[in-house]
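S.K.:
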Amino acid sequence: MSAVQVLTPEPKEAADRAKREAMEVAEAARETEWKHPSFAAELFAGRFRPDLVLPFPAQSDEDRRRGDEYLARLEVFLKENVDADEIDRTGEVPPRAIQGLVDLGCFGMKIPKEYGGLGFSQTNYNRAMQLIGSHCGSTAVWVSAHQSIGVPQPLKLFGTEEQKRKYLPRLAQGEISAFALTEPDVGSDPANMQTTAEPTPDGSAYVLNGEKLWCTNGCVADVIVVMARTPSVVVKGKERKQITAFIVEKTMPGFEVAHRCEFLGLRAIQNGLLRFKNVLVPKENIIWGPGQGLKLALITLNTGRLTVPAACTGMAKQCVRIVRRWASERAQWGGPIGKHDAVAGKIAEIAAGAFAMDAVTWLTSGLADRGGQDIRLEAAMAKLFCSETAWKIADDTLQIRGGRGYETARSLSARGEPGIAVERMLRDARINRIIEGTSEIMRLFIAREALDWHLRVAGRLLDPKTPAGAKVKAGLKALGTYARWYPAQWLYWPGGHSALGRLAPHFRYIEKASHRLARAIFHLMAVHQAGLEKRQRVLARVVEIGVDLFAAAAACAYAHHLRDSSPAELADLFSTIARRRIQANFRALWSNDDRASYRAARDVLDGKHTWIEKGVLLP
Ligand SMILES: Cc1cc2nc3c(=O)[nH]c(=O)nc-3n(C[C@H](O)[C@H](O)[C@H](O)COP(=O)(O)OP(=O)(O)OC[C@H]3O[C@@H](n4cnc5c(N)ncnc54)[C@H](O)[C@@H]3O)c2cc1C
48 MSAVQVLTPE
58 PKEAADRAKR
68 EAMEVAEAAR
78 ETEWKHPSFA
88 AELFAGRFRP
98 DLVLPFPAQS
108 DEDRRRGDEY
118 LARLEVFLKE
128 NVDADEIDRT
138 GEVPPRAIQG
148 LVDLGCFGMK
158 IPKEYGGLGF
168 SQTNYNRAMQ
178 LIGSHCGSTA
188 VWVSAHQSIG
198 VPQPLKLFGT
208 EEQKRKYLPR
218 LAQGEISAFA
228 LTEPDVGSDP
238 ANMQTTAEPT
248 PDGSAYVLNG
258 EKLWCTNGCV
268 ADVIVVMART
278 PSVVVKGKER
288 KQITAFIVEK
298 TMPGFEVAHR
308 CEFLGLRAIQ
318 NGLLRFKNVL
328 VPKENIIWGP
338 GQGLKLALIT
348 LNTGRLTVPA
358 ACTGMAKQCV
368 RIVRRWASER
378 AQWGGPIGKH
388 DAVAGKIAEI
398 AAGAFAMDAV
408 TWLTSGLADR
418 GGQDIRLEAA
428 MAKLFCSETA
438 WKIADDTLQI
448 RGGRGYETAR
458 SLSARGEPGI
468 AVERMLRDAR
478 INRIIEGTSE
488 IMRLFIAREA
498 LDWHLRVAGR
508 LLDPKTPAGA
518 KVKAGLKALG
528 TYARWYPAQW
538 LYWPGGHSAL
548 GRLAPHFRYI
558 EKASHRLARA
568 IFHLMAVHQA
578 GLEKRQRVLA
588 RVVEIGVDLF
598 AAAAACAYAH
608 HLRDSSPAEL
618 ADLFSTIARR
628 RIQANFRALW
638 SNDDRASYRA
648 ARDVLDGKHT
658 WIEKGVLLP
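Count along the sequence shown from 1, then add 47; that gives the number in this note's numbering.
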């Protein structure tokens with residue numbers, strides 16, 4: 048199954064070719080080698096593995112102490128030097144605030160100590176990102192784009208010792224970096240990349256030409272990792288497109304910041320359209336080798352994605368604080384608004400959601416620090432879950448604040464009320480559902496990985512291009528595997544999970560639902576066969592069930608680790624709410640309006656309903 052399915056009225060042949068190319072590029076860039084299994088992948092295959100999340104991968108005491116000491120200093124600095132509302136209003140993070148963060152080592156948190164950074168664990172880095180994200184979205188993005196996806200991350204993973212020695216100390220000490228993948232015609236689908244890098248005749252360098260769009264930190268970056276197309280190679284008689292990653296310095300002639308972009312939120316990020324005109328890049332600036340660029344970008348995003356959940360959780364926790372105070376003090380219709388059932392329901396969901404986000408963030412961070420485990424799925428699920436939940440929480444918080452939620456902090460302060468910036472938080476939160484993989488693409492990515500086990504068992508059988516003889520052979524092989532696997536999805540000995548105390552019933556539910564999910568995937572594949580890849584909304588429900596099971600498991604495991612009754616109450620509430628969604632999604636796998644609404648969408652695209660656009664002012 049490909050990670051790409053489009054709904055655009057292109058000529059069929061061209062669309063098929065573009066899709067096939069996109070598929071091949073995406074498939075070639077997948078990571079496939081891991082030592083330990085993924086908890087989430089096992090869930091989809093009907094194998095609930097509590098041992099992969101219990102004991103909870105917590106920080107060591109020493110690592111925690113290091114983080115505590117740093118966070119205390121960072122908090123004081125943010126309070127005294129980073130005025131989030133002023134930054135939002137002016138669209139600038141003041142240079143002295145950036146310099147102060149550099150002096151605190153904030154831009155080198157993820158850079159190893161031997162290269163002049165702080166060498167933080169993923170957990171301590173994310174704790175700092177949560178703190179910054181809770182205070183100022185724009186500042187958080189400056190710091191995060193630099194080292195979650197900017198040059199330090201791919202260099203750490205794939206750079207040569209020489210490259211690390213050359214760049215990492217500079218990047219720890221104040222040079223800013225960025226990550227440039229997106230182009231005007233290349234968003235979710237990198238196969239279509241237009242930026243090119245042609246080798247010079249003597250092979251000592253590459254000549255870079257093209258444009259990169261929405262590059263965060265790009266307007267101020269000293270060093271940028273740029274993905275570009277290098278000449279294709281022929282593998283087994285077939286042309287294979289090559290994408291290569293280059294380190295580009297702003298001082299290289301031909302590099303230009305063509306435009307600084309302005310957005311709904313994150314108004315002080317330095318995000319721009321970058322232009323490369325015959326930029327000569329030495330071949331020593333290639334990271335990981337020619338043709339490895341897309342894989343590098345996707346692997347960088349796999350771990351880079353762990354930061355979005357932390358920043359979102361920081362914002363969600365602010366929301367808990369805001370609604371707790373406001374819904375107690377604001378009285379309407381004879382009592383505090385928090386006592387009215389409709390508002391109480393929102394408050395409970397905000398608190399439970401924030402706790403689950405916290406659990407998911409620390410679980411994925413802890414798994415990353417423990418190492419050796421395939422956490423691509425967990426990272427993608429964490430990004431999807433936390434960005435979507437943060438948006439819902441920000442929206443509900445605004446609703447609870449009523450008119451004040453819609454008013455800017457500056458205006459509130461000017462008329463003598465506390466300047467609580469919920470509208471800014473809402474604006475800032477929206478982008479998380481788009482950057483580093485949109486929610487739709489995350490669902491496709493998760494679905495691809497979720498189905499991986501089945502595709503390995505029955506992929507050749509489902510592939511219409513498999514010759515008849517090979518199909519029979521593949522069918523017999525799949526039959527043998529499924530003959531053992533399928534009955535085990537019905538007949539299994541459930542665990543008691545009694546160590547979880549009051550949360551044990553949720554673990555029992557997750558185990559049962561994991562078997563049900565695995566059976567559902569099998570049934571869906573049997574019914575839709577190769578056509579399942581086109582049923583994106585069916586796949587999205589499969590993914591949403593998996594994400595809710597994962598988040599509930601994280602919440603219960605984290606509450607168990609915290610050994611306190613209050614987290615257990617929130618884990619219990621979150622799991623109960625998630626179970627309701629899971630049940631609804633199971634039902635909708637088979638009973639939905641997907642086909643009818645797909646037809647309606649085609650009609651809209653074909654112009655059949657243009658009459659609905661009448662009566663409005665046309666631009
Ligand atoms: C503030 C901001 C910061 C950014 N920072 C960076 C950065 O630092 N570096 C960088 O390289 N890029 C960056 N980006 C780009 C960002 O990653 C892209 O916006 C994102 O990948 C989506 O691409 P797109 O906007 O072109 O949307 P498109 O790919 O055009 O998608 C449009 C819509 O169609 C959906 N869609 C697309 N394909 C499919 C499909 N196959 N199936 C179902 N739905 C689909 C998408 O989910 C989306 O809803 C940034 C963007 C913004 C706005």
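The beta-carbon is built from N, C-alpha and C at its ideal position, and this holds for glycine as well.
So does the region 153-168 actually touch the region 337-349, counting three or more Cβ pairs closer than 8 Å?
M.R.: no
S.K.: Note down, in chain order, each residue of its chain lying with its Cβ closer than 6 Å to the Cβ of Q106, except the 5 sequence neighbours on either side.
M.R.: Closer than 6 Å at Cβ, skipping near neighbours: T170.
S.K.: Taking the Cβ atom as the reference point for each residue, do M274 and G340 lie within a distance shorter than 8 Å?
M.R.: yes
S.K.: Beta-carbon within less than 6 Å of V53's beta-carbon, same chain only, minus the 5 sequence neighbours each way: which residues are those?
M.R.: Only weak support exists for where V53 lies, its pLDDT of 31 falling under 50; the coordinates are left without a value.
S.K.: Verify whether the separation of the beta carbon atoms of L424 and E496 is less than 8 Å.
M.R.: Yes.
S.K.: Enumerate in chain order the residues of its own chain whose CB-to-CB distance from G155 is below 6 Å, with the five nearest sequence positions on each side excluded.
M.R.: G164, L165, A219
S.K.: When we look at the beta-carbon of P56 and count the other beta-carbons within 10 Å, is it buried (16 or more) or exposed?
M.R.: For P56, the predicted model reports a pLDDT of 35, less than 50, meaning its position is unreliable; a value from the coordinates is still stated below. By the beta-carbon neighbour count (other beta carbons within 10 angstroms, threshold 16), P56 is exposed.
S.K.: Flag this pair as yes or no: are the beta carbons of F633 and A567 separated by less than 8 Å?
M.R.: yes
S.K.: Which runs of the beta strand (DSSP E) at least 3 residues long sit entirely within the region 183-231? Give them in chain order.
M.R.: 224-227
S.K.: Can you name, in chain order, every residue of its own chain whose Cβ lies under 7 Å from the Cβ of M489, other than the five neighbours on each side?
M.R.: A427, K430, L431
S.K.: Decide yes or no for the touch test of the region 313-324 against the region 253-271: beta carbon pairs closer than 8 Å, at least 3 of them.
M.R.: yes
S.K.: Going straight from the alpha carbon of A305 to that of K330, what length do you get?
M.R.: 25 Å
S.K.: Which partner residues of H83 appear in the DSSP bridge assignment?
M.R.: Here H83 is bridged, per DSSP, to Q420.
S.K.: Would you report the Cα separation of R588 and G654, rounded to the nearest angstrom?
M.R.: 29 Å
S.K.: Mind checking whether the beta-carbon of E487 lies closer than 7 Å to any heavy atom of ligand 1?
M.R.: Indeed, a heavy atom of ligand 1 lies less than 7 Å from the Cβ.
S.K.: Distance, Cα to Cα, P278 vs V254?
M.R.: Pairing P278 with V254, the inter-Cα distance amounts to about 12 Å.
S.K.: Do S195 and ligand 1 come close, with the Cβ less than 7 Å from some heavy atom?
M.R.: no
S.K.: Following the continuous beta strand (DSSP E) through Y253, name the residue where it begins and the one where it ends.
M.R.: 252-263
S.K.: So is the beta-carbon of L228 under 7 Å away from any non-hydrogen atom of ligand 1?
M.R.: yes
S.K.: Using CA atoms only, rank isn't needed, just tell me which of E127, A268, I158, G206 is closest to K297.
M.R.: K297 has its Cα closest to that of A268, out of E127, A268, I158, G206.
S.K.: Which residue comes first and which comes last in the beta strand (DSSP E) that contains L321?
M.R.: L321 -> beta strand (DSSP E) spans 318-329.
S.K.: For ligand 1, is there a heavy atom less than 7 Å away from the beta-carbon of E435?
M.R.: no
S.K.: Throw me the rounded Cβ distance for the I179 and A187 pair, which I believe falls under 8 Å.
M.R.: 4 Å
S.K.: Could you give the distance in angstroms between the alpha-carbon of E580 and the alpha-carbon of A292?
M.R.: 30 Å
S.K.: From R143 to G336, what does the alpha carbon distance come to, in whole angstroms?
M.R.: 38 Å
S.K.: Of all the options R451, R448, G484, T436, which has the alpha carbon lying nearest to the alpha carbon of A476?
M.R.: T436
S.K.: Taking DSSP's pairing of strands, which residues face E286 in a bridge?
M.R.: V281
S.K.: Only counting runs of 4 or more residues, tell me where the alpha helix (DSSP H) segments fall wholly within the region 349-403, in order along the chain.
M.R.: 354-376
S.K.: May I have a chain-ordered list of the beta strand (DSSP E) segments no shorter than 3 residues that lie completely inside the region 508-556?
M.R.: Complete beta strand (DSSP E) runs here, min 3: none at all.
S.K.: Among the residues of its own chain, which have a CB less than 8 Å from the CB of P58, if the five just before and after it don't count?
M.R.: Only weak support exists for where P58 lies, its pLDDT of 47 falling under 50; the value from the coordinates is given anyway. Cβ within range, chain order: n/a, list empty.
S.K.: Within the present structure, is the beta-carbon of T263 separated from the nearest heavy atom of ligand 1 by less than 7 Å?
M.R.: Yes, since a heavy atom of ligand 1 falls inside the 7 Å radius drawn around the Cβ of T263.
S.K.: Count the other CB atoms within 10 Å of the CB of Q630; is the residue buried (16 or more) or exposed (fewer)?
M.R.: exposed
S.K.: Give a yes or no on whether the C-beta atoms belonging to C433 and C359 are separated by under 8 Å.
M.R.: yes
S.K.: Pick helix, strand or coil for H607, following the three-state DSSP scheme.
M.R.: helix
S.K.: Measure the beta-carbon distance from F226 to G197 and round it to whole angstroms, keeping in mind my assumption that it falls under 8 Å.
M.R.: In this structure F226 is in contact with G197, their Cβ atoms being roughly 5 Å apart against a cut-off of 8 Å.
S.K.: Report yes or no: do the region 642-650 and the region 434-453 share at least 3 C-beta pairs separated by less than 8 Å?
M.R.: no
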